[in-house]
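**Q**
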Amino acid sequence: MKSLRQSTPLSWQRLALFALWIMLAIALCSAIVYGALFFIPRRVQSHPVQQLRQKEEFPAIDMKKLSPVRAKIITIAHQQFDAPQPGTFYSRGERQDWCANFVSWVHQQAGVPFVNPHNGGWRIPGVRSLEAYYRAAGRWHPADSGYTPQPGDAILYDTTSARGEHVNILLRYQDGKLTTVGGNEGNAIHVSTIDRAAVGKIRGFGAAE
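Set out below in structure tokens:
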């Protein structure tokens, strides 16, 4: 009887230890699942083409009043607005902010490609590099220069603007309002109209020609 009484507490200790191990195992599994759901980086998912288009319509533009170069730039941009592609299409597979890539692609397709100041290619992925290109080409107009932007020109925004550091293409400038088309605006090709005074600091304009 003495040996039986001594073994009983030991059995309860083993049972408690076993229960503790089960609880730890459950907690560990829960932590793994939680981490997989919330902390492990997810792959960027591609968007179906039909989801890339925004609701705002492309404005009617009298192409007869534009030069062939400007008309071609706007025509290509309009085609992409109607049948948009993911950002990686315009950036040649690179996963990056693609506003400047979109503008580069449009100009390349329009037959007036940019020349990257760093590598000589037609694609200029950075807004500041795009500004450097326009300066070197003699087609840069600071925002305070008095230049009136024309359809087909590129608008380059400062980091402090409502758009952040960004670039898009001017479609129309009327009564102080800018109507533009741009890539990587809400991860889409977007047409928008905004008061020039409300958009914040614009660095300048890159003339189409």
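Here the sequence shown is numbered in numbering that gives the first Met the number 0, starting from 0 and rising by one per residue. Don't be surprised by glycine CBs; every beta carbon is placed ideally from N, CA and C.
1) Just how far apart, CA to CA, sit I188 and I21?
2) Just how far apart, CA to CA, sit T178 and I73?
3) Assuming Y58 and R134 form a contact by the criterion Cβ under 8 Å, report the distance between their Cβ atoms to the nearest whole angstrom.
4) Answer with buried or exposed for D152, where buried requires no fewer than 16 other C-beta atoms within 10 angstroms of its C-beta.
5) Looking only at its own chain, which residues have a Cβ that is under 7 Å from the Cβ of A206, when we skip the five neighbours before and after it?
6) Going straight from the alpha carbon of G203 to that of A142, what length do you get?
7) Grab the span of the beta strand (DSSP E) containing P141 for me, first residue to last.
8) Compare the C-alpha of I168 against each of S66, V68, P67, A76 and name the closest.
9) Count Cβ pairs between the region 123–130 and the region 91–99 that sit closer than 8 Å; are there 3 or more?
10) Going by the beta-carbon positions, is the gap between V166 and G181 smaller than 9 Å?
11) I'd like the list of long-range same chain contacts for P150, defined as Cβ closer than 7 Å, with 5 residues on each side in sequence excluded.
12) At which residues does the alpha helix (DSSP H) containing T159 begin and terminate?
**A** On the basis of the supplied data:
1) For the purposes of this step, residue 188 is identified with residue 189 of the sequence shown, where counting begins at 1. For the purposes of this step, residue 21 is identified with residue 22 of the sequence shown, where counting begins at 1. One C-alpha to the other measures close to 53 Å.
2) Taking the sequence shown and counting its residues from 1, the one referred to as residue 178 is at position 179. Taking the sequence shown and counting its residues from 1, the one referred to as residue 73 is at position 74. The straight-line gap from Cα to Cα measures roughly 12 Å.
3) Mapped onto the sequence shown, residue 58 falls at position 59. Mapped onto the sequence shown, residue 134 falls at position 135. As written in the sequence, residue 58 is Pro, which differs from the Tyr given in the question. With a Cβ gap of about 30 Å, P58 and R134 do not count as contacting.
4) What you label residue 152 is simply residue 153 of the sequence shown in a count that begins at 1. Burial call: buried.
5) Here residue 206 corresponds to residue number 207 of the sequence shown, with the count starting at 1. Cβ neighbours of A206 beyond the five flanking positions: R138, H140, D152.
6) Taking the sequence shown and counting its residues from 1, the one referred to as residue 203 is at position 204. Taking the sequence shown and counting its residues from 1, the one referred to as residue 142 is at position 143. Rounded to whole angstroms, G203 to A142 spans 4 Å at the Cα level.
7) As a first step, residue 141 is located in the sequence shown; it is residue number 142 there, counting from the start. Where P141 is concerned, the enclosing beta strand (DSSP E) stretches over 139–141.
8) For the purposes of this step, residue 168 is identified with residue 169 of the sequence shown, where counting begins at 1. Selected option, being the one with the closest Cα: A76.
9) yes
10) In the sequence shown, counting from the first residue as 1, residue 166 sits at position 167. In the sequence shown, counting from the first residue as 1, residue 181 sits at position 182. It is a contact, given that the beta carbons lie within the stated cut-off.
11) Within the sequence shown, residue 150 is the residue found at index 151, counting from 1. Taken in chain order, the residues that qualify are I60, L65, R69, I73, L169, L170, R171.
12) Within the sequence shown, numbered from 1, the residue matching residue 159 stands at position 160. Counting along the chain, T159 falls outside any alpha helix (DSSP H), and DSSP gives it neither H nor E.
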